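Participant: In the order they appear, the protein sequences are chains Y and R.
For the first sequence, our numbering gives the first residue as 4, with consecutive numbering after it.
For the second sequence, our numbering gives the first residue as 4, with consecutive numbering after it.
Just so you know, even glycine gets a beta-carbon here, dropped at the ideal spot from N, CA and C.
For clarity, every value in this text was computed on a predicted model and none was experimentally measured.
2 protein chains.
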Amino acid sequence: MTKSIRGILKKNKSLAVNGSIWIECNGERFFGPGPVELLERINETGSINQAAKQMKMSYKKAWEIINMLNAQSSSPLVVTQTGGASGGGSVISAEAKELIAWHRSLRNRFKTFLEKETSKLGL
Amino acid sequence: MTKSIRGILKKNKSLAVNGSIWIECNGERFFGPGPVELLERINETGSINQAAKQMKMSYKKAWEIINMLNAQSSSPLVVTQTGGASGGGSVISAEAKELIAWHRSLRNRFKTFLEKETSKLGL
DNA sequence: AGGCGTTATATTTTCAAAAAAATAACGTAG
DNA sequence: CTACGTTATTTTTTTGAAAATATAACGCCT
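1. Determine the chain Y residues that contact residue 29(R) at a beta-carbon separation under 7 Å, and present them in chain order.
2. Specify, as a first and last residue, the run of the alpha helix (DSSP H) that residue 51(Y) falls within.
3. Taking the straight line between their C-alpha atoms, what separation do you get for residue 63(Y) and residue 55(Y)?
4. What is the DSSP secondary structure of residue 35(Y), reduced to helix, strand or coil?
5. Starting from residue 109(R), trace the alpha helix (DSSP H) both ways and give me its first and last residue.
6. Along chain R, in chain order, which residues have C-beta atoms closer than 8 Å to that of residue 20(Y)?
7. Indicate whether at least one CB of chain Y lies closer than 8 Å to the CB of residue 68(R).
8. Kindly confirm or deny that the segment 17-37 of chain Y and the segment 5-21 of chain R touch, where touching means at least three C-beta pairs closer than 8 Å.
9. Mind checking which residues open and close the beta strand (DSSP E) that includes residue 29(R)?
10. Relative to chain R, which residues along the segment 36-65 of chain Y have a C-beta separation below 8 Å, given in chain order?
11. Given that a residue counts as buried once 16 or more other Cβ atoms are within 10 Å of its Cβ, and exposed if not, what is residue 81(R)?
12. Are any of the Cβ atoms in chain R nearer than 8 Å to that of residue 13(Y)?
13. Please list, in chain order, all residues of the same chain as residue 73(R) whose beta carbon is under 7 Å from its beta carbon, the five residues on each side excluded.
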C-alpha cells in the first residue's frame, strides 16, 4: 500500500488535480468560462461582432450563447440595438455584471480547492 | 444590487453549481470518471472486450484509454493476456485499485464542495 | 490442424458539430 | 434613397471525432 498516488506514475511526470465548473439552469449548462469572457468583451467593445472576433468565435455561436442567456433570465443580460448611427451595438446589463463578479469569486474558491487537492497527491 | 444570483433568473428555474474533475499527468487529462468505470468493469469481467460492451464504448476507445494509462504508469495498471484457455483476458493491478479508491474519495470531496456552492446561490 | 475468444491495430465509413457563406433587416446620417 | 456597420437567421460546406469494419496474432483445447 503506497502512501501517495505519486509513486504509481513514472518519474518526472507532473501531476495535478484539475477541473471545470459552471452554473446550471434547469439541468443544462448555462454559465461557464466561455459566456463570461463573451460578456466581458461585449462590455468592452459594445459589439457582439467584435467580441466574437476577438475570441475567434463565429458570430453565430456568440449570438446563440447570448440568446440562451437572455432566454433564462428574467431581464435580458445583453441588450442589443440593430441599425442606428454606428450600425447598432450591444450592452450588458447590471445583472450580467453581477453574474460575472459572482462567477469570478466562485472560480477563485474552486482554484484553491484544486490546489489543495493537488498538494494531497504527494510531492 | 441583488443579494443572490437567484433573482436574476426566471421564476421556477432550478439552479445549481456543477462541474467535472480529473487528474492530469504532464498537463493532459489522464484519470477521470470514464477510465475509473472502465477499470472497475475490467476488474469485474476480466475482459476489456466485455467491459467496453457494458459501457457501450468501442473496443478501440477502451484500448486507447488503457494504453494511455499504462504509458504514464511505472507499472501497468491493466495487464493483458492474448490467447490461452478462454482466448485471453485482462486484470487490473493493485495500483489501479488504489487509483480508483483515491479518485472516489476525491469525487466525494468535490461533491460536497459543489453542494456548498449550490446552497450559496440562494433558494 | 482448426476453432474459439480474446487482444491489438489499421482502414474505412458515418455522422454531427463547427465553420463559412449568404441573405435580410434595421436605423441613422449624409 | 443610398451607404454603412451592426444584429438576426438560414443555408451550405467543411472538418474532425466517433463508430463500424476488417485483419492479424496469440495460445489453449479438442
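Facilitator: Based on what the coordinates show:
1. Per Cβ cutoff of 7 Å: 16, 17.
2. Residue 51(Y) -> alpha helix (DSSP H) spans 51-57.
3. Residue 55(Y) has its alpha-carbon roughly 9 Å from the corresponding atom of residue 63(Y).
4. Secondary structure at residue 35(Y): coil, using DSSP grouped into helix, strand and coil.
5. Here the alpha helix (DSSP H) through residue 109(R) covers 97-122.
6. Those within 8 Å of residue 20(Y) in chain R are 24, 25, 26, 27, 109.
7. With a threshold of 8 Å between beta carbons, residue 68(R) makes no contact with chain Y.
8. Counting Cβ pairs under 8 Å, three or more are found: they touch.
9. Note, residue 29(R): premise wrong, no beta strand (DSSP E); not H, not E.
10. Taking 8 Å as the Cβ-Cβ cut-off, the segment 36-65 of chain Y has no residue approaching chain R.
11. By the 10 Å Cβ count, residue 81(R) comes out buried.
12. For residue 13(Y), at least one C-beta of chain R is nearer than 8 Å to its own C-beta.
13. In the same chain as residue 73(R), and ignoring 5 residues on each side of it, the C-beta atoms closer than 7 Å to its own belong to 79, 80, 81, in chain order.
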